[in-house]
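Keeping their order, the protein sequence lines are chains F and E. Heads up: the first sequence begins at 1 in the UniProt record's numbering, then just goes up one per residue. Heads up: the second sequence begins at 1 in the UniProt record's numbering, then just goes up one per residue. Notes for the one structure printed next.
There are 2 protein chains.
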Amino acid sequence: MTTLSVFLDVPLAQKLEGSLLKTYKQDSCPKKIFLAFRGRYLTSKGQPWVSSVVPKMRLQIAQDPSLNYEYLPVNGMRSFTEASLKLLFGKHNQVIVENRVGGVHTVGDNGAFQLGAQFLKIWRKDSQTVFIMSSKKGELLCKMGMTEDPSLLFPNGVYLQQAPHDSIFVIGNICDCNLTQSHPTSNKRIFLFFDISSQGLSTGDLEKDTGFLQYFVSQGFEFFCSQSLSKTFGIYDEGVGILVVVALNNELLLCVLSQLMKLTQALWLNPPITGARIITSILCNPALQEEWKQSLKGLVENIMLIKEKVKEKLRLLGTPGSWDHITDQNGSHSYLGLNSKFQQVEYLVRKKHIYLPKNSRINFTCINAHNIDYITQSINEAVLSTKGLD
Amino acid sequence: MTTLSVFLDVPLAQKLEGSLLKTYKQDSCPKKIFLAFRGRYLTSKGQPWVSSVVPKMRLQIAQDPSLNYEYLPVNGMRSFTEASLKLLFGKHNQVIVENRVGGVHTVGDNGAFQLGAQFLKIWRKDSQTVFIMSSKKGELLCKMGMTEDPSLLFPNGVYLQQAPHDSIFVIGNICDCNLTQSHPTSNKRIFLFFDISSQGLSTGDLEKDTGFLQYFVSQGFEFFCSQSLSKTFGIYDEGVGILVVVALNNELLLCVLSQLMKLTQALWLNPPITGARIITSILCNPALQEEWKQSLKGLVENIMLIKEKVKEKLRLLGTPGSWDHITDQNGSHSYLGLNSKFQQVEYLVRKKHIYLPKNSRINFTCINAHNIDYITQSINEAVLSTKGLD
């Protein structure tokens, strides 16, 4: 009997791993450096950063005999979502006071985006146009049938009042897009979906990093945020996220949350608890919360220090051009300002075994005392090698 | 400015919580008992059961300074999927030897089913008919557009050779369905999706519980299993699951896994690690694995003991009818054999505050020394109250 496979028509999917990381891994040169790690922070020793308060809490939880390991409800750990919403908006924000913000505990920020996207597909069927800014997650909406329209995205801003009715904006890094709004747009039912993956790691100040949300609250917008809390605590492997919902009033909020719960039930039923338990224990204890905030601040200061050093070393090497943009940018991931057209990036990859993306946006925590000289000297060489080409 | 909510058309979804549990919670009677908890086992003290080996391992992991908390790959923790596949099929099974079984580490068995369903929706578009046996998960496929056909499901079997081409069978409890197959059906491209939520907790013997898989392997079937490992270790709150793929050869397997990884990336990107880490540490250590197996066995023996006691107490009370079916059934969840038509179930719920579903399938671990007398006396009353009605 010859048997026909039911999988006969299934082709091999392209590797998910970016080709840059793949080439890096295949490179046998001992000097090779990868500067494009996403969504994680490295210590000066090249290890994944963990907030100092996390290991203590992990141990305390493992030793706590009073905990039980029952299923979480479908919408997750309530104390966790409550603590996270206060962190995101500030305790006294009007959406909290007016009881019109809520959250569903999800499997990381990707799970949160997936959940939000499924909701929009069902309940915002008329939204055919999506504008995606500084976020990879928005692609999911395109795969679900929406059309990406880049027409309203200008280098320094987005004009909301030109957006069509019922359009959706997915916004990864608010700093990258200055949303200008000279006319009221609320009657256009524009929907915003913020992707907030590392509150506090842009400026080192939690409130400052998400202060922009207040603007949209005050303008009467309703929106979703897919929020990750894994990264800011250094619990990368637990996938702790929230889908945040801001609605105009409590009644609408409850309707949206109830529909989200139905979707969550099919997605994973109950979210995993460990990461949320660690984070909630920290956020609900003022002393631990303070220690965590200090550790975040320390991380951000260290990032700024690395950037300063890179800039200073390039100055001492006499590298042509201004390098102020390096320290002008917030956060761990910033543009180095190299020129792909003049093959400066390619020079670094091919000749120096330093791997970075074409747009030269790198993770500065990948630079440390051991590799900074090699990296800055290589940048200098790359720039000199293309001098005069502009 | 009046603002129109973008959520105006979103109605309140019906509560997910079953109405039975809801009524139970609202019942203020101190005698109330809930016998319908799903997917968890209670100890004789009414607490969620945890395998004795889990707390030790939890502590050991929290104290291990060598662990890092980096993201898992999209397909999850490799040592975890490998150990789980060996557990499911046995180390020397031909699908393992021939390298044509693989797994994707998922967020619980619901996550595994969601992932498998998404795959089938894309790659088995022609499968319009689904037969769902003893599984709640199959409903997801109906929501995705497939039609449920109960025509081939008979009380004691399913006739695979009568199934239409390209149909899908979702099978929750293999004991409930005797799949008979007198003619070869492989050329019909019938696809099986097993939902295995508690290997070892049916008979107390891990191998025996999943021995039926060997039959389908030997008949040349390809299939998926959505497997939960949370329940058999008592780590209910971590959602540890696997989507298992059996293909006819390694090449086909790799194609399917590669497509599943693409879907996983959008669903949650990286699965959470804690549960998988605990389970892998136990499965990879022969002494701990043995201790775990013993704890499973103890749990199953306890379930059998409860069932024996219930039967014996009903016999002593002189309750009319035979109650052998209670001990004839395997596992924690079994039919009590009460009659919904004669309102025996309703009698228990309304008059006795004992909550059980209409089909009288209860979780026997909810019965313990404190409530067994009240429960059996109430069953006796319920049966007597409807005597003569048949």
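Glycine included, each C-beta is placed from N, C-alpha and C at the ideal position.
Practice item. Please name the residue in F:159, F:173, F:22 and F:81 whose C-alpha comes closest to that of residue 108 of chain F. Key: For the purposes of this step, residue 108 of chain F is identified with residue 108 of the first sequence, where counting begins at 1. That would be F:81, whose Cα lies nearest to the Cα of residue 108 of chain F.
Practice item. Answer with yes or no whether the minimum CB distance from residue 426 of chain E to chain F is below 7 Å. Key: Absent from the structure is residue 426 of chain E, since the part of chain E shown begins at 1 and ends at 390.
Exercise for review: Could you check what DSSP says for residue 92 of chain E in three-state terms: helix, strand or coil?
Suggested key: Against the second sequence, residue 92 of chain E aligns to sequence position 92. Coil, per DSSP.
Check your understanding: Does the beta-carbon distance from residue 246 of chain E to residue 101 of chain E come in below 7 Å?
Key -> One-based indexing of the second sequence puts residue 246 of chain E at position 246. One-based indexing of the second sequence puts residue 101 of chain E at position 101. In contact: residue 246 of chain E and residue 101 of chain E (Cβ atoms closer than 7 Å).
**Study point:** Proximity test, Cβ basis, 7 Å: residue 235 of chain E and chain F
**Key:** One-based indexing of the second sequence puts residue 235 of chain E at position 235. Residue 235 of chain E counts as touching chain F.
Practice item. Would you be able to state if there are at least three C-beta pairs under 8 Å between the stretch 140 to 148 of chain E and the stretch 113 to 121 of chain E? Key: yes
Practice item. Within the same chain, show all residues whose beta-carbon is closer than 7 Å to that of residue 263 of chain E, passing over the 5 residues directly before and after it, in chain order. Key: Position 263 of the second sequence, counted from the start, is the residue given in the question as residue 263 of chain E. Answer for residue 263 of chain E: 115, 118 and 119, listed in chain order.
Practice item. Sort F:63, F:54 and F:71 by Cα distance to residue 55 of chain E and report the nearest one. Key: Taking the first residue of the second sequence as position 1, residue 55 of chain E is located at position 55. The shortest Cα separation from residue 55 of chain E among F:63, F:54 and F:71 belongs to F:63.
Exercise for review: Give the straight-line distance between the Cα atoms of residue 249 of chain F and residue 322 of chain E, rounded to the nearest whole angstrom.
Suggested key: As a working note, residue 249 of chain F is residue 249 in the first sequence. As a working note, residue 322 of chain E is residue 322 in the second sequence. Looking at the two C-alpha atoms, the distance is approximately 58 Å.
Check your understanding: On the three-state DSSP scale, how would you describe residue 99 of chain F?
Key -> In the first sequence, counting from the first residue as 1, residue 99 of chain F sits at position 99. Three-state DSSP puts residue 99 of chain F in coil, outside helix and strand.
Exercise for review: Tell me, please, which residues DSSP counts as bridged to residue 129 of chain E.
Suggested key: Taking the first residue of the second sequence as 1, we reach residue 129 of chain E at position 129. According to DSSP, which records beta bridges pairwise, residue 129 of chain E is partnered with E:147.
Exercise for review: Within the same chain, show all residues whose beta-carbon is closer than 6 Å to that of residue 288 of chain E, passing over the 5 residues directly before and after it, in chain order.
Suggested key: As a working mapping, residue 288 of chain E is identified with position 288 in the second sequence. Result list for residue 288 of chain E: 53 and 282, in chain order.
Check your understanding: residue 396 of chain E to residue 232 of chain E, Cα distance in whole Å?
Key -> Residue 396 of chain E is absent from the model: chain E starts at 1 and stops at 390.
Review point. How big is the Cα-Cα spacing for residue 215 of chain F and residue 222 of chain F?
Key: Residue 215 of chain F sits at position 215 when you count from the first residue of the first sequence. Residue 222 of chain F sits at position 222 when you count from the first residue of the first sequence. Using only the alpha carbons, I get a separation of about 12 Å.
Review point. Taking the C-alpha atoms as reference points, what is the distance between residue 171 of chain F and residue 192 of chain E?
Key: Translated into positions along the first sequence, residue 171 of chain F becomes position 171. Translated into positions along the second sequence, residue 192 of chain E becomes position 192. Spanning the two alpha carbons is a distance of roughly 41 Å.
**Study point:** C-beta neighbour in chain F for residue 123 of chain E, strict 7 Å
**Key:** In the second sequence, the residue the question calls residue 123 of chain E occupies position 123. Yes, residue 123 of chain E lies at the interface with chain F (some Cβ there is under 7 Å from its Cβ).
Review point. According to DSSP, is residue 256 of chain E helix, strand or coil?
Key: As a position in the second sequence, residue 256 of chain E is number 256, starting the count at 1. Residue state, collapsed to three classes: helix.
Exercise for review: From the DSSP output, read off the bridge partner residues of residue 363 of chain F.
Suggested key: Here residue 363 of chain F is taken as the residue at index 363 of the first sequence, counted from 1. In the DSSP output, where bridge partners are listed per residue, residue 363 of chain F has F:333.
Check your understanding: Between residue 295 of chain E and the rest of its own chain, which residues show a CB-CB distance below 8 Å, the 5 nearest in sequence each way excluded?
Key -> Counting from one through the second sequence, the residue named residue 295 of chain E turns up at place 295. Contacts found: 51, 52 and 53.
Review point. Are the C-beta of residue 41 of chain E and some C-beta of chain F separated by less than 7 Å?
Key: The residue given as residue 41 of chain E occupies position 41 in the second sequence. Not closer than 7 Å to any Cβ of chain F, the Cβ of residue 41 of chain E fails to qualify, so no.
**Study point:** Interface flag, residue 89 of chain E vs chain F, CB-CB below 7 Å
**Key:** Start at 1 with the first residue of the second sequence, and residue 89 of chain E comes out as number 89. Not an interface residue.
Practice item. Enumerate in chain order the residues of its own chain whose CB-to-CB distance from residue 20 of chain F is below 7 Å, with the five nearest sequence positions on each side excluded. Key: Within the first sequence, the letter at position 20 stands for residue 20 of chain F. So the list reads 36, 355 and 357, once near-sequence residues are dropped.
Check your understanding: Using a Cβ-Cβ distance under 7 Å, would residue 272 of chain F count as near chain E?
Key -> Here residue 272 of chain F refers to the residue found at position 272 when the first sequence is read from its first residue. Yes, because at least one Cβ of chain E sits closer than 7 Å to the Cβ of residue 272 of chain F.
Point to revise | N-terminal and C-terminal residue of the beta strand (DSSP E) that residue 230 of chain E is part of | key: Position 230 of the second sequence, counted from the first residue, corresponds to residue 230 of chain E. Here residue 230 of chain E belongs to no beta strand (DSSP E); instead the alpha helix (DSSP H) covers 230 to 233.
Review point. With a Cβ-Cβ cutoff of 7 Å, do residue 268 of chain E and residue 111 of chain F count as a contact?
Key: Walking along the second sequence from the start, residue 268 of chain E turns up at place 268. Walking along the first sequence from the start, residue 111 of chain F turns up at place 111. Cβ atoms of residue 268 of chain E and residue 111 of chain F: closer than 7 Å.
Exercise for review: Starting from residue 225 of chain F, follow its DSSP beta bridges and name the residues at the other end.
Suggested key: If you number the first sequence from 1, residue 225 of chain F lands on position 225. Beta-bridge pairing links residue 225 of chain F to F:194 and F:244.
Exercise for review: Compute the Euclidean distance between the alpha carbons of residue 173 of chain E and residue 139 of chain E, then round it to the nearest angstrom.
Suggested key: Position 173 of the second sequence, counting from 1, holds the residue named residue 173 of chain E. Position 139 of the second sequence, counting from 1, holds the residue named residue 139 of chain E. Approximately 15 Å between the Cα atoms of the pair.
Review point. What residue range is occupied by the uninterrupted beta strand (DSSP E) comprising residue 170 of chain E?
Key: Taking the second sequence and counting its residues from 1, the one referred to as residue 170 of chain E is at position 170. Segment 168 to 171, the beta strand (DSSP E) holding residue 170 of chain E.
**Study point:** Counted within 10 angstroms of its Cβ, other Cβ atoms place residue 126 of chain F as buried (16 or more) or exposed
**Key:** Locating residue 126 of chain F in the first sequence gives position 126, where the first residue counts as 1. The residue is exposed, with fewer than 16 neighbouring Cβ atoms inside 10 Å.
Practice item. Find the residues of chain E that neighbour residue 71 of chain F, judging by a C-beta separation of less than 8 Å, and give them in chain order. Key: Here the question's residue 71 of chain F lines up with position 71 in the first sequence. What residue 71 of chain F touches in chain E: 39, 40, 236 and 237.
Practice item. With DSSP as the reference, label residue 286 of chain E as helix, strand or coil. Key: Sequence index remark: in the second sequence, residue 286 of chain E carries index 286 (1-based). Three-state DSSP puts residue 286 of chain E in a helix.
Practice item. Pull up the DSSP beta-bridge partners for residue 106 of chain F, would you. Key: On the first sequence, residue 106 of chain F is found 106 positions in, with the first residue counted as 1. According to DSSP, which records beta bridges pairwise, residue 106 of chain F is partnered with F:241.
Check your understanding: By how many angstroms is the C-alpha of residue 343 of chain F removed from the C-alpha of residue 320 of chain F?
Key -> By 1-based counting over the first sequence, the position of residue 320 of chain F is 320. By 1-based counting over the first sequence, the position of residue 343 of chain F is 343. Near 16 Å, if we compare the C-alpha coordinates of residue 343 of chain F and residue 320 of chain F.
Exercise for review: Output the distance between the C-alpha atoms of residue 373 of chain F and residue 307 of chain F, rounded to the nearest integer angstrom.
Suggested key: Working through the first sequence from its first residue, we reach residue 373 of chain F at position 373. Working through the first sequence from its first residue, we reach residue 307 of chain F at position 307. If you take the alpha carbons of residue 373 of chain F and residue 307 of chain F, they lie about 13 Å apart.
**Study point:** Residues sharing a beta bridge with residue 42 of chain E, DSSP
**Key:** As a working mapping, residue 42 of chain E is identified with position 42 in the second sequence. Answer is E:48, bridged to residue 42 of chain E.
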